[in-house]
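Per my numbering, the very first residue in the sequence shown carries number 37; after that it's consecutive.
Cβ atoms here follow ideal geometry from the backbone N, Cα and C, with glycine treated the same way.
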Amino acid sequence: MLNEIVNAIGLKLSENFEGIDVHREELEQGFKEPCFFIDLLNPNEKQIIGNRYLRSYLFDIVYFPKSKKAQDIFETLDKLYTVLEYIKLDDGTLVRGTDRNSREEDKVLHFFVMYEMFIYKLDGEKTKMGKLGVNTGLKEE
């Protein structure tokens, strides 16, 4: 599930920011700017009722601009609010990004977005069906 979310984020960024690389793994030294880096922060899970859980994934989408001008960061920030509001998973499910906020540190933009979804966990031990007998003969009178 988590890989599916990361892939959906990467796809949205690639579709809306043409020519800008999107890194999902560790950022290598000497990377080419401009680029995005998708970083997962503090995932958590909370039991709601029975086998139903709420999973929350907080992401830090880091943008390294080519120019260190504030205008480039501002334009990218405005676009990120719209682009990452909804992502589409492989099965077509739309997931809404919440708690979207940002900050700038050392001319690098950090855009935070949380995706939450309900998960239903099956019991570890499943009840097995008993044997069933079938009588296929004719009834005698």
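What separation, rounded to the nearest whole angstrom, lies between the Cα atoms of Tyr99 and Glu81? Mapped onto the sequence shown, residue 99 falls at position 63. Mapped onto the sequence shown, residue 81 falls at position 45. Approximately 28 Å between the Cα atoms of the pair.
On the three-state DSSP scale, how would you describe Gly46? Counting from one through the sequence shown, the residue named residue 46 turns up at place 10. Reduced to three states, the DSSP call for Gly46 is helix.
Go ahead and label Ile85 buried or exposed: buried means 16 or more other beta carbons lie within 10 angstroms of its beta carbon, across all protein chains shown. For the purposes of this step, residue 85 is taken as the residue at position 49 of the sequence shown. Burial call: exposed.
Would you call the stretch 142-153 and the stretch 46-65 touching, i.e. three or more CB-CB distances under 8 Å? no
Would you give the residue range spanned by the alpha helix (DSSP H) that Ile109 belongs to? Locating residue 109 in the sequence shown gives position 73, counting from the first residue. From DSSP, the alpha helix (DSSP H) with Ile109 extends over Ala106 to Val119.
Would you report the Cα separation of Cys71 and Pro101, rounded to the nearest angstrom? The count along the sequence shown starts at 1 and reaches residue 71 at position 35. The count along the sequence shown starts at 1 and reaches residue 101 at position 65. So the alpha carbons of these two residues sit roughly 7 Å apart.
Could you tell me which whole beta strand (DSSP E) segments of length 3 or greater appear in the stretch 48-94? 57-59 and 71-85
Going by the beta-carbon positions, is the gap between Ile74 and Arg91 smaller than 7 Å? Within the sequence shown, residue 74 is the residue found at index 38, counting from 1. Within the sequence shown, residue 91 is the residue found at index 55, counting from 1. The answer is no: Cβ separation not under 7 Å.
Along the chain, where does the beta strand (DSSP E) that runs through Lys157 open and close? The sequence position of residue 157 within the sequence shown is 121, counting from 1. No beta strand (DSSP E) holds Lys157; DSSP gives it neither H nor E.
Using the rule of at least 16 other Cβ atoms within 10 Å of the residue's Cβ for burial, across every protein chain shown, is Gly128 buried or exposed? Here residue 128 refers to the residue found at position 92 when the sequence shown is read from its first residue. Its Cβ having fewer than 16 others within 10 Å, Gly128 is exposed.
Is it buried or exposed for Ile21, if we count other Cβ within 10 angstroms and need 16 for buried? Absent from the model: residue 21. The displayed extent of the chain is 37 to 177, so no value can be given.
By Cβ distance below 7 Å, which residues in the same chain neighbour Lys124 in space, the five residues on each side in sequence not counted? Stepping through the sequence shown from its first residue, residue 124 is reached at position 88. Hits under 7 Å: Ala44 and Leu130.
If we count the other Cβ atoms within 10 Å of its Cβ and call it buried at 16 or more, is Tyr122 buried or exposed? For the purposes of this step, residue 122 is taken as the residue at position 86 of the sequence shown. Looking at its Cβ environment, which holds fewer than 16 other Cβ atoms inside 10 Å, Tyr122 is exposed.
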